[in-house]
Amino acid sequence: MMGPMGARRGLEWLLGLYFLSHIPITLLVDLQAVLPRDLYPVELRNLRQWYTEEFKDALLQNPPVWFKSFLFCELVFQLPFFPIATYAFFKGGCRWIRTPAIIYSVQTMTTLIPILSTVLLEDFSKASCFKGQGPKTFHERLFLVSVYMPYFLIPLILLLFMLQNPYYKSEEKRKKK
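Counting in my numbering, the sequence shown runs from 8 upward without gaps.
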């Protein structure tokens, strides 16, 4: 049986793995849509092309301006946070991560709402910015939602963890000098 500290450490390790895995995904795949093409070797460009075709991800294949703005935020705000969060959660017990983690989780979940809405509701065959590419069947839409959904659910878990866990909720008593 695992006690509260064991459960907290288990979730911290899960979050550490999440942030660690997010670094190469962001650098090697996501940011190809906003950074110069020449930065990426052909193998990585092919990987992105395979992913967008296999998962029918029109948002990443032909990103509209609003989606590029989310990727720019990922570059400027989230990417620098990923190694910090990785360190904090693998180390464990870093109360100072609470506020940045809350900001990250809210910002990320907020960006996922229009992404998931677009995947589920957009008529990709008629939207000129997607050039007729994207999921066509409900099954294809759910398949693509399954790719994006962890980036909503894990930040939601992170937010609830930071807000509800007694360890992270409690304020450290400041010593009077």
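Don't be surprised by glycine CBs; every beta carbon is placed ideally from N, CA and C.
Predicted model, so just to flag it, every value in this text is computed and none were measured.
Of the listed residues the options, nearest to residue i (C-alpha basis)
| i | options | result |
| --- | --- | --- |
| Ala108 | Gly13, Met169 and Leu21 | Met169 |
| Pro71 | Leu127, Leu82 and Lys138 | Lys138 |
| Leu27 | Lys98, Leu128, Pro173 and Lys133 | Lys98 |
| Ser177 | Ser135, Cys136, Leu167 and Arg102 | Arg102 |
Separation of residue j from residue i, as counted between CA atoms
| i | j | result |
| --- | --- | --- |
| Leu42 | Tyr175 | 37 Å |
| Phe96 | Thr106 | 14 Å |
| Leu4 | Phe84 | Outside the shown range of the chain (8 to 184) lies residue 4, about which nothing can therefore be said. |
| Leu21 | Gln39 | 27 Å |
| Leu171 | Leu119 | Here the sequence assigns Gln to residue 171, which means Leu is not the residue at that position. Answer to the nearest angstrom: the Cα atoms are 23 Å apart. |
| Leu51 | Gly100 | 36 Å |
| Lys63 | Ile110 | 30 Å |
| Met8 | Glu61 | At Met8, the pLDDT of 49 sits below 50, so the modelled position is not reliable; the number obtained from the coordinates is stated separately. Going from the Cα of Met8 to the Cα of Glu61 covers about 42 Å. |
| Glu19 | Phe131 | 39 Å |
| Leu78 | Tyr58 | 17 Å |
| Tyr25 | Thr93 | 8 Å |
| Pro31 | Trp73 | 23 Å |
| Phe219 | Ser153 | An answer regarding residue 219 cannot be provided, because it is not within the stretch 8 to 184 covered by the chain. |
| Gly17 | Gly23 | 10 Å |
| Leu35 | Tyr47 | 8 Å |
The ligand SAM heavy atom lying under 7 Å from the CB of residue i
| i | result |
| --- | --- |
| Thr106 | For the structure depicted, the ligand SAM is absent and the ligand set is empty, with no information on it obtainable. |
Proximity of residue i and residue j at Cβ, strictly below 8 Å
| i | j | result |
| --- | --- | --- |
| Pro162 | Thr115 | yes |
| Leu151 | Pro142 | yes |
| Glu81 | Thr33 | yes |
| Tyr155 | Ile122 | yes |
| Ser112 | Leu54 | no |
| Gln68 | Gln140 | yes |
The segment 88-100 contacting the segment 141-149, beta-carbon criterion three pairs below 8 Å:
no
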